[in-house]
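Enquirer: Have a look at this one before I ask anything.
Residue numbers (our numbering): 110 to 382.
Here you go:
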């Protein structure tokens, strides 16, 4: 293993704005070079639902995760190597164990520039604890924390409290339904933001954020819930707070599924709208 640390469709009724655009999910399915990120992944073994959420001071954090509905999730952030994410998904689909997948990803000759990556692997079947890895060259403050069904990982954070506070808001993984799971994911991001979030976004903690939930029979490209905020000028607004607002609006209108419209907010300035 290379140097690093590892651990065992209706739209919402929103206020009109010249900055608000709607787009289909497919437009956003690309890899983001999220050089600083805190993220959360969770699986509900009772329902098979997978949830993933993240925030960053980068322009667009969406794309750090690959979800295989009914099977598991892979997060590759920091340098966010797309080939590592793709290969891990192939191995997970084949049924390989998380330990085996992580060993391949973190091998010194893997070709993934592993010292610059932060990785999380979770499986729906619950037979293994989530696995995380943080490369030596990933920027501080960096850490991760796992428990059955839950993984939190972060780098370039403003405080060592980001990960434990995020984790505490999410754990334990005993959600009654998918909406309760989504509520917990939003709470977790907000808890990390309250501890300062990404240290590059002074005063706001993030410039982009997202949440996605995949039910076990969902198409990989059409999750049950998918909300994205990106392109906010660093230091102007907190993307996590804006994501929470979108999520609350979604709960009021309850489109099914939310991913029929993915919300993008480039340069949003609510104070002027």
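Positions of the beta carbon are idealized from the N, C-alpha and C atoms, including for glycine.
Nearest to residue 330 by CA position, among 177, 152 and 156, is which residue?
Expert: 177
Enquirer: Looking at residue 305: is its Cβ nearer than 8 angstroms to the Cβ of residue 315?
Expert: no
Enquirer: Return the CA-CA distance between residue 259 and residue 154, expressed in angstroms with no decimal places.
Expert: For residue 259 and residue 154, the distance between alpha carbons rounds to 11 angstroms.
Enquirer: When the Cα atoms are used, what is the spatial distance from residue 346 to residue 312?
Expert: 9 angstroms
Enquirer: Hey, which unbroken runs of the beta strand (DSSP E) at 3 residues or more fall wholly within the segment 259–327?
Expert: 259–263 and 317–323
Enquirer: Between residue 239 and residue 318, what straight-line distance do the alpha-carbon atoms span, to the nearest angstrom?
Expert: 22 angstroms
Enquirer: Quickly, what does DSSP pair residue 335 with across the bridge? List them, please.
Expert: 321
Enquirer: Could you tell me whether the segment 177–187 touches the segment 220–234, using the rule of 3 or more Cβ pairs below 8 angstroms?
Expert: yes
Enquirer: Locate the beta strand (DSSP E) running through residue 241, then write down its first and last residues.
Expert: 240–244
Enquirer: Quick one: using the 10 Å Cβ neighbour count with 16 as the cut-off for buried, is residue 133 buried or exposed?
Expert: Reliability of the predicted coordinates at residue 133 is poor, the pLDDT of 32 falling under 50, and no value is obtained from them.
Enquirer: Please confirm if the segment 286–305 is in contact with the segment 350–357, defined as three or more CB-CB distances below 8 angstroms between the two stretches.
Expert: yes
Enquirer: Given a cut-off of 8 angstroms, decide if residue 303 and residue 160 are closer than it, judged by their beta-carbon atoms.
Expert: Cβ distance not < 8 angstroms, so residue 160 and residue 303 don't count as in contact.
Enquirer: As a quick exercise: from 237, 226, 156 and 301, pick the residue whose alpha carbon is nearest that of residue 266.
Expert: With distances taken between Cα atoms, residue 266 lies closest to 301.
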